[in-house]
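Participant:
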Ligand SMILES: *Cc1c(COP(=O)(O)O)cnc(C)c1O
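Residue numbers (my numbering): 1 to 360.
1. Please state the DSSP three-state secondary structure of residue 76.
2. What's the call for residue 111, buried or exposed, on a 16-neighbour Cβ count within 10 Å?
3. Within its chain, find whatever has a CB closer than 8 Å to the CB of residue 285; leave out the 5 residues flanking it on each side and keep chain order.
4. Leaving out the 5 sequence neighbours to the left and right, which residues in its chain are closer than 6 Å to residue 172 when beta-carbon positions are compared?
5. Using only Cβ atoms and a threshold of 6 Å, which residues come within that distance of a heavy atom of ligand 3? Order them by chain position.
6. Going straight from the alpha carbon of residue 317 to that of residue 4, what length do you get?
7. Could you have a look at residue 175 and say whether DSSP puts it in helix, strand or coil?
8. Using the DSSP secondary-structure output, state which residues sit across from residue 332 in a beta bridge.
9. Using only CA atoms, which one of 15, 34, 161, 137 lies nearest to residue 129?
10. Do residue 193 and residue 205 count as a contact pair if the criterion is CB distance below 8 Å?
11. Can you tell me whether residue 288 is helix, strand or coil according to DSSP?
12. Let me know if residue 94 comes out buried or exposed under the rule of 16 or more other beta-carbons within 10 Å of its beta-carbon.
13. Relative to the alpha-carbon of residue 74, which residue among 328, 245, 289, 201 has its alpha-carbon at the smallest distance?
14. For residue 239, which residues in the same chain have their Cβ closer than 7 Å to its Cβ, ignoring the five residues on either side in sequence?
15. Over what stretch of residues does the beta strand (DSSP E) that includes residue 192 continue unbroken?
16. Thinking just about the alpha-carbon of each residue, which of 30, 21, 54 is nearest to the one in residue 251?
17. Using the C-alpha atoms, what's the distance from residue 351 back to residue 314?
18. Got a sec, what are the start and stop residues for the beta strand (DSSP E) residue 315 sits in?
19. Is it true that the segment 321–335 meets the segment 130–144, where meeting means three or more beta-carbon pairs spaced less than 8 Å apart?
20. Out of 274, 289, 328, point me to the one whose CA is closest to residue 344's CA.
21. Could you tell me whether the segment 8–26 touches the segment 327–344, where touching means 3 or more Cβ pairs closer than 8 Å?
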């Protein structure tokens with residue numbers, strides 16, 4: 001059937017140009033005579049790949065010198081534990097609960113200390129980002145934790161909470177390298193690569209140097225201590241060499257397109273096309289409050305489960321795949337990550353228009 005428009009929330013679509021470039025290097029990388037998959041992580045070729053990936057990311061995100069970039073494994077989910085293990089000196093942390101991913105992070109943090117949920121949007125099934133004007137940050141909190149783009153519910157912070165002198169920790173998995181962020185406002189940022197940057201199995205942690213210490217919770221595994229990764233250039237053990245290579249290619253692709261400002265403009269244009277359609281449709285409805293809408297993940301429904309099913313099936317017949325909503329919320333969800341072309345969203349909207357004419 002050829003390549004489809006893949007609206008998956010992750011692992012997700014990758015730029016075709018990058019896939020072809022990788023294909024071209026699959027058997028022999030440069031003059032190494034071997035595939036990146038076959039290379040020692042201690043080789044000069046791989047070291048250059050690792051440093052190239054880090055340099056590209058530093059340039060893309062304008063990462064200040066007092067922040068380290070770590071390439072680790074275990075998925076975003078392992079950072080749910082690594083964050084408290086590395087930061088919970090007083091065994092207290094504040095969390096803002098905006099959906100499934102913060103719930104999991106909260107559950108994990110509770111294994112190590114006291115969690116104060118200082119704001120939540122659970123009362124309306126996480127369809128908005130809570131008002132943060134009167135946030136009460138706990139005096140003894142070691143950090144404040146947010147998930148900045150909520151992949152399942154399709155919400156995104158339009159501004160950051162004011163955490164005073166408490167480090168802000170942000171899970172940016174599903175908005176990673178999709179728009180510029182001011183890194184100096186955060187203590188720690190982390191993202192699984194498989195949403196917006198590369199293949200599954202790689203996590204990028206960006207942490208301020210003073211938060212990377214030996215003073216971690218007793219019993220913290222060596223591998224989960226950020227200091228271990230920082231001191232060893234992310235090569236305490238064998239890193240995800242393939243993931244680092246592919247992700248580096250994606251960073252380079254974004255740089256060549258003009259960096260994160262250009263990426264944000266592209267992403268806004270794509271999201272606007274779908275949101276405008278949803279706002280004017282009599283059949284389809286977006287589920288998220290307007291001021292909290294994500295640029296990356298857009299959930300919508302018809303209000304009728306049978307019609308949703310029929311629509312998803314018609315999408316499939318038209319080369320539009322993985323449009324089904326998360327199993328916990330139902331309906332539809334279109335993930336418009338960096339690699340989704342504008343034409344993909346046009347194709348989706350065309351199928352929606354036709355479906356509305358025939359079923360509205
Ligand atoms: C997908 C996702 C995760 C979990 O990532 P894994 O790599 O599957 O552990 C965490 N946070 C957010 C926001 C995500 O979208």
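Backbone N, C-alpha and C define an ideal beta-carbon position, used for all residues, glycine too.
Just so you know, these numbers come straight off a predicted model, no measurement behind them.
Facilitator: Reading from the atomic positions:
1. By 1-based counting over the chain shown, the position of residue 76 is 76. In this structure, residue 76 counts as helix in the three-state DSSP scheme.
2. On the chain shown, residue 111 is found 111 positions in, with the first residue counted as 1. Exposed: under 16 other Cβ atoms inside 10 Å.
3. Residue mapping note: residue 285 aligns to position 285 of the chain shown, counting from 1. Taken in chain order, the residues that qualify are 278, 300, 301, 302, 303.
4. Stepping through the chain shown from its first residue, residue 172 is reached at position 172. Counting only Cβ-Cβ distances below 6 Å, and skipping sequence neighbours, we find 148, 189, 191.
5. The model on display carries ligand 1 but not ligand 3.
6. What you label residue 317 is simply residue 317 of the chain shown in a count that begins at 1. What you label residue 4 is simply residue 4 of the chain shown in a count that begins at 1. Each residue's alpha carbon lies about 10 Å from the other.
7. Position 175 of the chain shown holds residue 175. Residue 175 falls in the helix class under three-state DSSP.
8. Translated into the one-based positions of the chain shown, residue 332 becomes position 332. According to DSSP, residue 332 bridges with 300, 324.
9. Counting from one through the chain shown, the residue named residue 129 turns up at place 129. The candidate whose alpha carbon is nearest that of residue 129 is 161.
10. Position 205 of the chain shown, counted from the start, is the residue given in the question as residue 205. Position 193 of the chain shown, counted from the start, is the residue given in the question as residue 193. No. Outside cutoff.
11. By 1-based counting over the chain shown, the position of residue 288 is 288. Reduced to three states, the DSSP call for residue 288 is coil.
12. Taking the chain shown and counting its residues from 1, the one referred to as residue 94 is at position 94. So residue 94 counts as buried.
13. Translated into positions along the chain shown, residue 74 becomes position 74. The residue with the shortest Cα to Cα distance from residue 74 is 201.
14. Position 239 of the chain shown, counted from the start, is the residue given in the question as residue 239. Taken in chain order, the residues that qualify are 41, 71.
15. Position 192 of the chain shown, counted from the start, is the residue given in the question as residue 192. First-last of the beta strand (DSSP E) with residue 192: 188–192.
16. Numbered from its first residue, the chain shown carries residue 251 at position 251. For residue 251, the nearest C-alpha among the options comes from 54.
17. Within the chain shown, numbered from 1, the residue matching residue 314 stands at position 314. Within the chain shown, numbered from 1, the residue matching residue 351 stands at position 351. Straight-line Cα distance between these residues: approximately 8 Å.
18. Start at 1 with the first residue of the chain shown, and residue 315 comes out as number 315. From DSSP, residue 315 is part of no beta strand (DSSP E) but of the alpha helix (DSSP H) over 305–317.
19. no
20. In the chain shown, counting from the first residue as 1, residue 344 sits at position 344. Ranking the options by Cα distance to residue 344, first place goes to 274.
21. yes
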